[in-house]
Amino acid sequence: MAIHPTTLIDSKAEIDSSVEIGPFCVIGPNVKIGAGSIIKSHVVINGHTTIGCNNEIYQFASVGEANQDKKYKGEPTQLVIGDSNVIRENATIHRGTIQDNGITLVGNHNLFMASTHIGHDCIVGDHNILANFAALAGHVVVGDNVILGGYAGIHQFCQVNSFSMCGMGSMVSKDIPRYVMVSGSPAKAHGMNFEGMRRRGVAAEVIKALRKAYKAIYLKGLTLEAALLELEQGDLSHVPEVAEFILSIRNSKRGIVR
Numbered sequence: 280m281a282i283h284p285t286t287l288i289d290s291k292a293e294i295d296s297s298v299e300i301g302p303f304c305v306i307g308p309n310v311k312i313g314a315g316s317i318i319k320s321h322v323v324i325n326g327h328t329t330i331g332c333n334n335e336i337y338q339f340a341s342v343g344e345a346n347q348d349k350k351y352k353g354e355p356t357q358l359v360i361g362d363s364n365v366i367r368e369n370a371t372i373h374r375g376t377i378q379d380n381g382i383t384l385v386g387n388h389n390l391f392m393a394s395t396h397i398g399h400d401c402i403v404g405d406h407n408i409l410a411n412f413a414a415l416a417g418h419v420v421v422g423d424n425v426i427l428g429g430y431a432g433i434h435q436f437c438q439v440n441s442f443s444m445c446g447m448g449s450m451v452s453k454d455i456p457r458y459v460m461v462s463g464s465p466a467k468a469h470g471m472n473f474e475g476m477r478r479r480g481v482a483a484e485v486i487k488a489l490r491k492a493y494k495a496i497y498l499k500g501l502t503l504e505a506a507l508l509e510l511e512q513g514d515l516s517h518v519p520e521v522a523e524f525i526l527s528i529r530n531s532k533r534g535i536v537r
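Just so you know, my numbering puts the end of the sequence shown at 537, numbered straight through with nothing missing.
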């Protein structure tokens with residue numbers, strides 16, 4: 280294990296022998312770090328925190344620290360991070376609260392750019408990108424393949440569904456349906472990421488179906504319930520991607536960005 284002599288590691292921490300840890304880091308007693316991970320320098324990892332394999336954590340990041348919920352009284356809540364994530368400079372990821380499930384979850388292959396924030400009890404999927412200063416309040420759920428622009432802010436309890444995008448500086452206080460692009464303060468919908476779909480090899484007929492589904496929800500002047508019923512009773516609902524789009528709206532508890 281390559282550990283710089285200036286780093287402080289509690290004797291109870293469980294760290295794989297292949298982990299590299301740079302200077303002036305502090306690793307707490309309930310921390311577990313998997314094989315192949317690299318901790319650059321001046322990183323603090325605290326709390327009941329489990330970090331998987333092949334993660335990179337850059338200088339001045341704070342991982343697994345006590346959350347910022349005033350109800351938190353030091354309970355042994357958790358942060359669990361998967362594999363192959365990149366956590367850049369000054370990023371903060373907080374552990375959960377007992378008012379929720381007591382755990383903050385981060386999946387695999389995510390990029391959290393400099394000064395991003397993952398609040399308590401968030402659930403973040405795989406292959407997401409949070410650009411500089413993007414922030415998730417507590418209890419936010421993020422799907423897979425989501426992009427949040429710089430300085431974007433997501434209100435607590437919101438859902439940001441898979442393959443959606445959020446523009447720079449957007450303030451999001453409602454759920455973002457699957458595939459939808461939003462921007463502004465407050466955020467408004469501005470189409471779907473059809474170009475991104477093409478780059479991922481999504482079939483032209485699927486894109487055509489999603490385009491029609493988007494128009495039904497956002498452009499036809501129908502109430503949301505009427506638009507959903509129109510889609511559910513039509514042929515478009517048999518397209519799996521459209522069905523997922525509809526489901527992401529049906530599952531919304533806060534209402535959707537519209």
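The beta-carbon is built from N, C-alpha and C at its ideal position, and this holds for glycine as well.
Tell me which residues share the same chain as residue i and place their Cβ nearer than 6 Å to its Cβ, disregarding the 5 neighbours each side in the sequence.
i, result
"V310", "A292, I324, T328"
"V425", "N407, V439, S443"
"V322", "C304, I336, A340"
"I535", "K453, D454, P456, I528"
Does the Cβ of residue i have 16 or more other Cβ atoms within 10 Å, making it buried, or fewer, making it exposed?
i, result
"L489", "buried"
"E520", "buried"
"D348", "buried"
"R457", "buried"
"T371", "buried"
"D400", "buried"
"H418", "buried"
"G343", "buried"
Alpha carbon to alpha carbon, how far is residue i from residue j?
i, j, result
"I360", "H406", "13 Å"
"I320", "L287", "It should be noted that the sequence gives Ser, not Ile, for residue 320. C-alpha separation (whole angstroms): 11 Å."
"S441", "I366", "20 Å"
"I397", "I336", "14 Å"
"V300", "T285", "With the sequence shown as reference, residue 300 is identified as Ile, and Val is not the correct amino acid for it. Approximately 10 Å, taken between the alpha carbons."
"I306", "I486", "47 Å"
"A495", "A522", "13 Å"
"T502", "Q512", "15 Å"
"I433", "H373", "15 Å"
"G475", "L427", "14 Å"
"A414", "V421", "12 Å"
Grouping DSSP H, G and I as helix and E and B as strand, with all else coil, what is residue i?
i, result
"I397", "strand"
"S538", "This structure leaves residue 538 out entirely; the chain is present only between 280 and 537."
"K311", "strand"
"A414", "strand"
"H406", "coil"
"G343", "strand"
"H434", "coil"
"S464", "coil"
"D289", "coil"
"L489", "helix"
"D454", "strand"
"A482", "coil"
"E299", "strand"
Of the choices the options, whose alpha-carbon is the least far from that of residue i?
i, options, result
"G448", "P284, T371, G429, Q512", "G429"
"K352", "V451, S297, N334, G375", "G375"
"P465", "A431, I330, S296, G326", "A431"
"N334", "K532, S297, Y497", "S297"
"A410", "G404, A393, H418", "A393"
"H469", "V481, E368, L498", "L498"
"A492", "D514, A281, A345, P302", "D514"
"V472", "V518, F391, V459", "The sequence shown places Asn at residue 472, not Val. When each option's Cα is compared against that of N472, the closest is V459."
Apart from the five residues just before and just after residue i, which ones in its own chain have a Cβ nearer than 7 Å to its Cβ?
i, result
"I377", "E354, T356"
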